[in-house]
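The numbering used here applies: residue 408 is where the sequence shown begins, and numbers increase by one.
For each residue, glycine too, the CB sits at the ideal point set by N, CA and C.
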Amino acid sequence: MTNKQYRFLFVNLPYSGHINPTIPLVKRLVDVGHSVDYVLDPSFKEIVEGAGAQLIPYDDYDSSWSDVHRYMKAFEQAYSTAKRVSSESEYDCLIYEAYFIFGYKLSKDLALPTVRLFSTFAFNHSILEKIRESGGPHLSFMTSKNPLYSLFVKYYEGKQDMMITDDFFDEIAEGVQDLNIVYTARAFQPQSDSFSQDRFIFVGPSIEDNYSDDMPSVPFDELSRPVIYLAMGSLLPRFAKKVYQNCIDAFSGKEASLILSVGDELSKDDFRHVSDNIYLYSKVPQIDVLNQSDVFITHGGMNSANEGLSCGVPMLVHPFVNDEPLIASRLTDLKVAEQLNLRKSDPEVIYDKTMALLNDEQVKSASADMKDTMTSLGANDTALENIMRYLDSQ
C-alpha cells in the first residue's frame with residue numbers, strides 16, 4: 408500500500424442506512440494518514456467527526472425542515488455543495504453512496520478518480536425495476552403511482568444539468584464507476600454474474616462494534632433458550648407496532664426468551680401482555696444480541712440482513728418497504744430464512760414459523776456457511792486496499 412497521503416471528498420444523503428456503512432471506511436482512511444471531508448446534513452456531525460473526518464454541511468439547508476422538504480432538497484444541496492468545496496480545495500478522490508443519484512454527473516464535473524459505494528445491493532436496470540415493483544418509499548419511491556415520485560420529478564425536471572442521462576433509473580443503473588464497492592457478499596447479490604469482477608468489489612458488510620454507553624445491558628446469563636431477537640428498523644416504527652405485539656403474544660409465557668428493539672417512539676407501555684420472558688428495549692447492541700440469538704425476526708433491511716448473515720442466525724423476515732422484499736427473497740433463496748406474509752403474521756403463524764426455523768438443520772447449515780462467507784471478505788480493510796490500489800494506478 409502506498410505511503411502517499413490522499414485527500415478524499417465524501418458525498419452522501421441524510422439517511423442513516425446509507426451513512427453508517429461508510430463511517431468505518433472514513434475511520435480506516437484517517438487512521439492511515441489520509442484526510443476526509445464529508446458533505447452531509449449537519450445533524451450527522453458527531454458521527455462523521457467522531458471518525459476523524461471534517462463535516463461540510465449542505466449549503467442553504469435546514470435539518471429542521473419537514474421530511475419531504477429535506478428529501479427534495481438534499482440531492483440538490485449535496486451536489487451544489489460538493490461542487491463549491493471542490494472549486495475551493497483540491498481533492499484526490501470523490502467517494503459517494505450509490506443512492507445519491509447525481510453522483511455520476513458530479514464525478515464527471517469534478518474530473519476526479521471516483522469510488523461509488525453500495526450500502527445495499529448493486530443496481531442494474533432489472534434489479535431497480537424489481538425494487539420499484541415490490542417496495543415502498545425511498546429506494547422504490549420511483550414509480551409514477553407514488554405522489555412523492557411525481558413531486559421529485561417536478562422539482563428536478565428543470566435541473567437536468569445534474570444528470571448525464573434524462574432518466575433517474577438510467578442514471579443509477581448506467582452510472583458505473585471504475586471502482587464500485589458493494590457492502591455485501593457476491594453470493595448474496597441478485598444477478599451477481601451481471602456485475603464485472605474487475606469493477607464491482609464485494610467486500611462484505613461494514614459492521615463495527617455498535618455498543619455505546621447509553622446502550623442497555625442485556626442479561627444474557629438469565630435468558631432461557633431459545634433466544635429470539637426482534638427488530639424492525641427505524642423507518643416505520645408505528646407501522647411495525649402490530650408485528651411487535653403479535654410477536655409478544657406469540658412468545659409470552661413460552662419456554663423462550665424474546666428480546667425486542669422497538670426504537671425511541673415506542674415503549675413498554677405501548678404493548679400488552681409483556682411477560683417476564685419478554686425483554687423490551689428502545690435499542691440494543693445488535694451484534695452482541697445476534698451472537699446470542701437462535702432466530703432473528705427482522706424487516707429485512709440491508710444492514711440487518713448483513714448482520715444476521717454475518718452472525719449466522721436463521722431469520723424470519725417481515726419486509727415492509729424499499730429493497731426489503733428483494734432482500735427477503737434472496738435470503739429465502741439462500742435457505743437461511745423464511746418470509747412472513749404482511750397480512751398473515753398473526754401470533755400463531757409467527758410462533759410456528761420460528762419453531763420450524765429452530766428445528767431446520769438445512770437452514771442452520773446454510774446460515775453457518777453464509778457466516779463463513781460474509782466474515783471472510785475483509786469489509787473495510789478490503790475496501791481500503793482496493794481504493795489505494797485504484798488511486799495508485801491513476
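Following the DSSP letters along the chain, one finds glutamine 484 in no beta strand (DSSP E) but inside the alpha helix (DSSP H) bounded by residues 474–495. Taking 8 Å as the cut-off, the beta carbon of valine 610 is found closer than this to the beta carbon of valine 589. Note on the segment 503–541: whole beta strand (DSSP E) runs with a minimum of 3 residues are 521–525, in chain order.
With contacts defined by Cβ atoms closer than 8 Å, tyrosine 636 and serine 700 form a contacting pair. Here the segment 688–697 does not lie against the segment 722–732, with fewer than 3 beta-carbon pairs under 8 Å apart.
Around the beta carbon of valine 669, 16 or more other beta carbons lie within 10 angstroms, which makes this residue buried. Taking a contact as a CB-CB distance under 8 Å, the pair glutamate 578 and tyrosine 511 counts as one, their CB atoms being some 6 Å apart. In the structure shown, cysteine 500 adopts extended strand secondary structure according to DSSP, grouped into three states. The C-beta distance from aspartate 467 to lysine 490 rounds to 13 Å, too long to meet the 8 Å contact threshold. Valine 770 is classed as buried because its beta carbon has at least 16 other beta carbons within 10 Å across all chains shown.
Closest option to lysine 434, judged by alpha-carbon separation, among Leu798, Ser599, Asn787 and Met795: Asn787.
Taken in chain order, the whole beta strand (DSSP E) runs of length 3 or more contained in the segment 589–623 are 607–609. When DSSP states are grouped into helix, strand and coil, methionine 722 belongs to the strand group.
Shown here for aspartate 469: not one same chain residue has a beta carbon closer than 7 Å to its own, the five before and five after excluded.
Below 8 Å, too few C-beta pairs join the segment 622–634 and the segment 733–740 to call them touching: fewer than three.
The alpha-carbon of isoleucine 571 is positioned some 16 Å away from that of arginine 523. Apart from sequence neighbours up to five positions away, the residues of its chain that approach proline 754 with a beta-carbon distance below 7 Å are Asn653, Asp656 and Ala657, ordered along the chain.
DSSP places proline 431 in the helix class (H, G or I) of the three-state scheme. The closest CA to that of asparagine 748, considering only Gly719, Thr705 and Ala773, is found on Thr705. Pairing proline 431 with aspartate 448 gives a Cβ-Cβ distance that is not under 8 Å. Comparing alpha-carbon positions, the option among Phe482, Asp776, Ile685 and Phe509 lying closest to lysine 661 turns out to be Ile685. The alpha-carbon separation between serine 494 and leucine 558 amounts to approximately 31 Å. DSSP, read as helix, strand or coil, puts valine 770 in helix. In the DSSP assignment, serine 450 is bridged to no other residue.
Counting only the Cα atoms, phenylalanine 575 lies some 12 Å from glutamate 536. Going by beta carbons, methionine 569 and phenylalanine 509 fall inside the 8 Å limit. Valine 418 counts as buried, since no fewer than 16 other beta carbons sit within 10 angstroms of its beta carbon. Around the C-beta of phenylalanine 607, 16 or more other C-beta atoms lie within 10 Å, and the residue is accordingly described as buried.
Residue pairing by DSSP puts isoleucine 463 in a beta bridge opposite Val446. In this structure, Glu672 is the residue among Ser659, Glu672 and Ile666 with its C-alpha nearest to the C-alpha of phenylalanine 646. When the beta-carbon positions are compared, serine 682 and valine 634 stay at least 8 Å from each other. It is roughly 20 Å from the alpha-carbon of phenylalanine 703 to the alpha-carbon of glutamine 596. Distance check between aspartate 621 and each of Asp676, Val691 and Gln604 places Val691 closest, using alpha-carbon atoms only. Annotated three-state conformation of alanine 580 is helix, per DSSP. Here the alpha carbon of proline 623 sits roughly 9 Å from the alpha carbon of serine 689. Note that the C-beta distance between leucine 723 and threonine 761 is below 8 Å.
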